[in-house]
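A.B. asks:
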């Protein structure tokens, strides 16, 4: 059991790097979108300047590419977190293995003549990933490959081959094992992932007949499937096929919720948008619900960790509210408190059902910028957009109350609620915070940890040194306290030393004392 717990802790830690990059990306997307949105220029004349718009489009389009390739980020980031040594080689192997995986899947689809034309990819469950047409698996593909490479790396990176094969020892041997493993996984994914996709599509076909309750199921599935990338198989048929409704607009028969409301927007004879627009009301949770969730996570953060929580949650919430880009905030609690993600999916579906029950016909697929640009020109009569905001405020309150209750009741480890007591700015660390090789702080910490020979692995998260020690009992907690430590947490051979937000400075000094970054004693 202890090995299982240690393994889960290590895997959870490996997710920090890819997850923490998302709020930063989201801020750049939001910033670029504000200046590059041509429709917004009619309300802010300054933004009509072509140079300003081009700069905005350049920033947002460059940054959004990360969200379009999240699986790759996880495939590279997870091995870095899992690897006990040679982290750079582990990341490189993750990159190579992921590329092999998607190309193997592509080759199977190509040889079996299952590739579809570009205009049919989305509805067929296929997508372009790194310019390769494959089945859409979302971040699940990256997590799968990253975990595979991390396990193989730790088990076989010390393998020594003899004779002429010695050149293929170590991390090269890991690649020898990972590449064929990726090919096999690519074949299996090509053959079996469509079964999962078909199941989701069949489920979508049954939703429409459930009336108002169908919106709840629809919204729930659209959110809960985000980590697998299968959510688009739920909403795409409703947006572009008969599942989302059929209407005659300006003498033309139109199929699909999004196609219908686009046609109705352009037709002045349409007095009120069709209720089918609610199949695309996914922005309710993005603009209101997740903001309430972020506030709940912030207010429940430990008092001395609120600065850290704010740094993570604020940019993520702004990105979700403005643009409807939810990955930064959803991934902040998806892995650390999965029950909250489940509740989030339930509430998202509930909100969509409520919109249909009260007869709201506003366009709300993404963030507030799109919401205003679509609905303000239509007027309140045609879109009934003020009622969308009323329902949104109700959802904001529901998210806040439920998230806050569950976080406190179940002691969930959302941002700012990790074990231990820590201060944001330890005075002792600041006083001794130079990262020179001769730093007395680094030397003292290594000594307090039982010496360099006792240290097998050094890493850090937001606020703590995370170590693997040969003998945890050799730790001198009193001496660590003198270096600014606010607590020591032990779990088997895993030891965490709490420092606060300056932990990166501490980590650098320990690494320097041990002879280099990402030190592992071998």
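Residue numbers (the numbering used here): 1129 to 1650. Note that the Cβ used here is the ideal one computed from N, Cα and C, for glycine as well.
Look up residue 1529 in the DSSP assignment and say whether it is helix, strand or coil.
C.D. replies: Residue 1529 falls in the helix class under three-state DSSP.
A.B. asks: Can you give the beta carbon distance from residue 1405 to residue 1489, rounded, assuming they're within the 8 angstroms contact cut?
C.D. replies: So it is a contact: roughly 5 angstroms between Cβ atoms.
A.B. asks: Report the CB separation of residue 1461 from residue 1419 in whole angstroms; it is logged as a contact under 8 angstroms.
C.D. replies: Incorrect: roughly 14 angstroms between the Cβ atoms, too far for contact.
A.B. asks: Suppose you measure from the CA of residue 1122 to the CA of residue 1304; what does that come to, to the nearest Å?
C.D. replies: Look at the range of the chain in this structure, 1129 to 1650, and you will see that residue 1122 is not part of it.
A.B. asks: What residues match up with residue 1292 in a beta bridge as DSSP calls it?
C.D. replies: Looking at the DSSP assignment, residue 1292 forms no beta bridge with any residue, so it has no partner.
A.B. asks: Could you check whether the segment 1430-1443 touches the segment 1515-1530, counting it as contact only if at least three pairs of C-beta atoms, one from each stretch, sit closer than 8 angstroms?
C.D. replies: Because the criterion of three Cβ pairs below 8 angstroms is not met, the segment 1430-1443 and the segment 1515-1530 do not touch.
A.B. asks: With 16 other CB atoms within 10 Å as the buried threshold, where does residue 1597 fall?
C.D. replies: Its Cβ being crowded by 16 or more others within 10 Å, residue 1597 is buried.
A.B. asks: Among 1270, 1320, 1358 and 1363, which one has its Cα closest to the Cα of residue 1335?
C.D. replies: Answer by Cα proximity: 1363.
A.B. asks: Determine which residues share a DSSP beta bridge with residue 1587 and list them.
C.D. replies: Bridge partners of residue 1587: 1594.
A.B. asks: Sorted by chain position, which residues of the same chain lie with C-beta nearer than 6 angstroms to residue 1123's C-beta, five sequence neighbours on each side aside?
C.D. replies: As displayed, the chain neither begins before 1129 nor continues past 1650, which places residue 1123 out of reach and without an answer.
A.B. asks: Along the alpha helix (DSSP H) that carries residue 1630, what are the first and last residues, could you check?
C.D. replies: It is not in any alpha helix (DSSP H) - residue 1630 carries neither H nor E in the DSSP assignment.
A.B. asks: Round the Cβ separation of residue 1641 and residue 1627 to the nearest angstrom and send it over; I've been treating them as touching at under 8 angstroms.
C.D. replies: Actually they are not in contact, since the Cβ atoms of residue 1641 and residue 1627 sit about 15 angstroms apart, beyond 8 angstroms.
A.B. asks: If I measure Cβ to Cβ from residue 1679 and keep anything under 7 angstroms in the same chain, skipping five residues before and after, which residues do I get?
C.D. replies: The question about residue 1679 has no answer, for the chain in this structure spans 1129 to 1650.
A.B. asks: Can you tell which of 1312, 1413 and 1498 has the C-alpha that lies nearest to the C-alpha of residue 1472?
C.D. replies: Nearest option by C-alpha distance: 1413.
A.B. asks: Whose CA, out of 1180, 1467, 1220 and 1637, lies closest to the CA of residue 1671?
C.D. replies: Coverage of the chain is limited to positions 1129 through 1650, which leaves residue 1671 absent and any answer about it impossible.
A.B. asks: Give me the Cβ distance between residue 1222 and residue 1277, rounded to the nearest whole Å; I'm assuming they're in contact under 8 angstroms.
C.D. replies: Residue 1222 to residue 1277, Cβ: 5 angstroms. Contact.
A.B. asks: Should residue 1256 be labelled buried (16 or more other beta-carbon atoms within 10 Å of its own) or exposed?
C.D. replies: Answer is exposed; the Cβ neighbour count stays below 16.
A.B. asks: For a quick check, are the C-beta atoms of residue 1603 and residue 1578 less than 8 angstroms apart?
C.D. replies: Yes, they are a contact pair.
A.B. asks: Among 1573, 1265 and 1475, which one has its Cα closest to the Cα of residue 1360?
C.D. replies: The option with the nearest alpha carbon to residue 1360 is 1265.
A.B. asks: Measuring CA to CA, which of 1269, 1224, 1261 and 1238 is closest to residue 1354?
C.D. replies: Taking only the C-alpha atoms, the option nearest residue 1354 is 1269.
A.B. asks: Looking at residue 1225: is its Cβ nearer than 8 angstroms to the Cβ of residue 1310?
C.D. replies: Yes.
A.B. asks: Along the chain, where does the alpha helix (DSSP H) containing residue 1615 start, and where does it finish?
C.D. replies: No alpha helix (DSSP H) holds residue 1615; the beta strand (DSSP E) holding it covers 1615-1619.
A.B. asks: How far does the alpha helix (DSSP H) with residue 1485 in it reach, from first residue to last?
C.D. replies: Segment 1466-1485, the alpha helix (DSSP H) holding residue 1485.
A.B. asks: Which parts of the segment 1294-1379 are runs of the beta strand (DSSP E), unbroken and 3 residues or longer, counting only runs that do not cross its ends?
C.D. replies: Correct list: 1374-1377.
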